[in-house]
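As structure tokens, the structure follows; a few thoughts come after it.
Number of protein chains: 2
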Amino acid sequence: MANLLYQNIRRTVAISEEEVEQFRQLLQAKTIQKNEFFVQEGDRANYLAFVLSGGMYSYSVDEKGEKHVIQIALEEHWITDPYSFFSQEKAFYTVQALLKTEVLLISKENHARACDLYPNIERFFRLLVQNAYVHLLQRVAQISSDTAEERYLKLIQSHPNIIEKVPQYYIASYLGIKPQSLSRIRKKLSKK
Amino acid sequence: MANLLYQNIRRTVAISEEEVEQFRQLLQAKTIQKNEFFVQEGDRANYLAFVLSGGMYSYSVDEKGEKHVIQIALEEHWITDPYSFFSQEKAFYTVQALLKTEVLLISKENHARACDLYPNIERFFRLLVQNAYVHLLQRVAQISSDTAEERYLKLIQSHPNIIEKVPQYYIASYLGIKPQSLSRIRKKLSKK
DNA sequence: CGTCTATTTGAATGTACTCAAAAGCGGTGG
DNA sequence: CCACCGCTTTTGAGTACATTCAAATAGACG
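The listed protein sequences derive, respectively, from chains A and B.
Note that the first sequence covers residues 15 to 206 in the numbering used here.
Note that the second sequence covers residues 15 to 206 in the numbering used here.
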């Protein structure tokens, strides 16, 4: 595997491979098994994860016990419960592995240290949140302007490998619909 | 009027009134007339606005020419097209005054300068984006778990004065429904 | 091969939407 | 002061899309 971390950071800030290597010292590699919890609702999110391979997803659970998928993070994406990680309060969401997943973890403390030591890394994380916010605004806009079918098409267009890795009922939940509805949408699309 | 700016910043970071006063020098007061544009889609958002009184809203326009309200900012809230303000690329959204609105404006350049000069202000803006991101995640979670009726109830609970200031069809759009549907929801609720 | 889980299908229901029109409200000018 | 205009909200009737409940198939894995 290439240096995914370097590539990912490089996408946002101009930084040398050496500086990323220094930063890398503050991260720890870990393998998370399929369905293993990374963060559980009510816990504190002490780590931020960078997905090297596999994938994770976050969700909330409503009063009726139903999962609502909020985020899906495949390779080269960062995930945690942002509220809890930033504030160190209890997490709203659960983050769990979709399949066997290799991650690089950074603790809250090392994140703070990295931001102190490496201005480029500080800048990177600041822009990471900024970009996540901008993307999420687009998602909100999309929810109100697009039909479920359009949202599905755009999703598989921007993340073609999501189909292989993520069960359909999680994709449905992410899109804000029920698995049966997604099944019908797919059936309708396949007829074309 | 009290010092809304100081109060607002103070809510997030520990900072002296003097330091805010210094920062205040980099802002300019402006009155925006009802329906006046603050940012137009396709333009660059050169300013970030802090609403002192009145209110503004942002929206996208779809292929059919329909508005989709993304954000509503009443007093003591910050608004702009974040993507455009951060990146200086063309704005996705339009930001417009709901009624006569008094704002404090900060230009992109002064924002950068303020972040350089005043670490507390840098921290404030960083946390502003962070908090906005966390709130938006909650909104996304809410969209998929709550009915339109529940979302409406929660909205007027958290922002009781929104009813007086914002036309019902904008509130409907913000909630992701049509004005007719909101009217029917309100009718149903008033019967209880 | 059997079991467990995921996906698909069917039928009935519900919620929000469209189209269309009426009623309400606020401001302006005769 | 009232009549009129434009804009917002409400109401009605029919429709579309997603949901629910239920059951049948398909796939994955030991």
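For every residue, glycine included, the Cβ atom is placed at its ideal position computed from N, Cα and C.
Note that the structure is a prediction, hence the values are computed from the model and not measured.
Give a yes or no on whether the minimum CB-CB distance between B:D57 and chain A is below 8 Å. no
Nearest-angstrom Cα separation, counted from B:V180 out to A:Q21: 45 Å
The alpha helix (DSSP H) enclosing A:S159, as first and last residue numbers: P133 to S159
From the DSSP secondary-structure annotation, give me the bridge partner or partners of B:S74. B:H82
Three-state secondary structure (DSSP) at B:Y97? helix
Please return the same chain residues whose Cβ sits closer than 8 Å to the Cβ of B:L142, not counting the five positions on each side in sequence. T26 and W92
Is it buried or exposed, A:F139, if we count other Cβ atoms within 10 angstroms and call 16 or more buried? buried
Beta-bridge partners of B:L119, as assigned by DSSP: B:Q42 and B:A63
Anything in the segment 132 to 149 of chain B with a Cβ closer than 7 Å to a Cβ of chain A? List those residues in chain order, please. R140, V143, Q144, A146, Y147 and V148
Strand pairing of A:V34, partner residues [DSSP]: Beta-bridge pairing links A:V34 to no other residue.
A:S121 beta carbon less than 8 Å from that of A:N60: yes
Is A:P193 close to chain B? Criterion is C-beta to C-beta, closer than 8 Å. no
Indicate whether at least one CB of chain B lies closer than 8 Å to the CB of A:A162. no
Interface residues of chain B facing A:V154 [CB-CB closer than 8 Å]: I84, L150, R153, V154 and I157
Within 8 Å, do at least three Cβ pairs link the segment 94 to 113 of chain A to the segment 50 to 58 of chain A? yes
In chain order, what residues of the segment 45 to 76 of chain A put their CB closer than 7 Å to some CB of chain B? S74 and D76
Within-8 Å CB hit, B:Y97 to chain A: yes
By DSSP, does B:Q47 sit in helix, in strand, or in coil? coil
Assign A:V154 to one of two classes, buried (16 or more other C-beta atoms within 10 Å of its C-beta) or exposed (fewer than that). buried
If we count Cβ pairs, one from each stretch, closer than 8 Å, do we get three or more for the segment 67 to 76 of chain A versus the segment 88 to 102 of chain A? yes
Is the CB of A:F37 under 8 Å away from at least one CB in chain B? no
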